[in-house]
Amino acid sequence: MNIYDISVTMENGETYQLDRYKGKTLLIVNTATKCGLAPQFDDLQKLYDKYKAKDFVVLGFPSNQFKQEVATAEDAAEACRMTYGVSFPMHEIVKINGKDAHPLFKMLTDETKGVLGSAIKWNFTKFLVDKKGQVVERFGPTESPLTFEDKIAAAL
Numbered sequence: 002m003n004i005y006d007i008s009v010t011m012e013n014g015e016t017y018q019l020d021r022y023k024g025k026t027l028l029i030v031n032t033a034t035k036c037g038l039a040p041q042f043d044d045l046q047k048l049y050d051k052y053k054a055k056d057f058v059v060l061g062f063p064s065n066q067f068k069q070e071v072a073t074a075e076d077a078a079e080a081c082r083m084t085y086g087v088s089f090p091m092h093e094i095v096k097i098n099g100k101d102a103h104p105l106f107k108m109l110t111d112e113t114k115g116v117l118g119s120a121i122k123w124n125f126t127k128f129l130v131d132k133k134g135q136v137v138e139r140f141g142p143t144e145s146p147l148t149f150e151d152k153i154a155a156a157l
């Protein structure tokens, strides 16, 4: 199985396969609108605006595993759009750790290790995926997306 075989669901309930993004560079982020790191949405949006014409896509996946997300995916996406001007794709609320983790996050964490091994430590863990669907690097929650813009640019 590779990343393009995985199905995900948008906040509006539309399910699709990630093969829609073949040939694009992805930054996949587990998000939470009530997290102290939520201002990173601003930087994620800046990068998306700057590089989307070069086939760069940010994919947001809200998670409430750290108890910092609103009740529904629709509410989370609306909060992101209203507060931070987010226009990149937002998805359903998913589990990112444990036996019930979404298959996307199982794959991402199996291929990368963080401070807690494969487990995701906190909201706003970011995964850079190249145009071939390979995970390039994992970035910790407190790492601002702007600090690794050069790695994003290199992957484009």
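Following the working numbering, the numbering of the sequence shown begins with 2 at its first residue and continues without gaps.
Beta carbons: idealized from backbone N, C-alpha and C, even for Gly.
Inset, instruction - Might you give, ordered along the chain, the residues of its own chain that have their beta carbon closer than 6 Å to the beta carbon of residue 4, omitting 5 neighbours on each side? - result: Same-chain partners within the cutoff: 19 and 134.
Inset, instruction - Note down the Cα distance separating residue 16 from residue 104, rounded to an integer number of angstroms. - result: Each residue's Cα considered, the two are about 14 Å apart.
Legend entry - Counted within 10 angstroms of its Cβ, other Cβ atoms place residue 146 as buried (16 or more) or exposed: buried
Inset, instruction - Would you kindly report the start and end of the unbroken alpha helix (DSSP H) that includes residue 150? - result: 150 to 156
Inset, instruction - With a 10 Å radius around its C-beta and 16 neighbouring C-beta atoms as the bar for buried, classify residue 21 as buried or exposed. - result: exposed
Inset, instruction - Would you list, in sequence order, the uninterrupted beta strand (DSSP E) runs of no fewer than 3 residues that lie entirely inside the segment 18 to 90? - result: 26 to 32 and 57 to 63
Legend entry - Residue from 9, 38 and 131 whose Cα sits closest to the Cα of residue 55: Out of 9, 38 and 131, the CA that lies nearest to the CA of residue 55 is found in 131.
Inset, instruction - Pull up the CB-CB distance for residue 25 and residue 57, whole angstroms please, since I reckon it's below 8 Å. - result: 7 Å
Inset, instruction - Compare the beta carbon distance of residue 98 and residue 33 with 9 Å and say whether it is the shorter of the two. - result: Contact: no.
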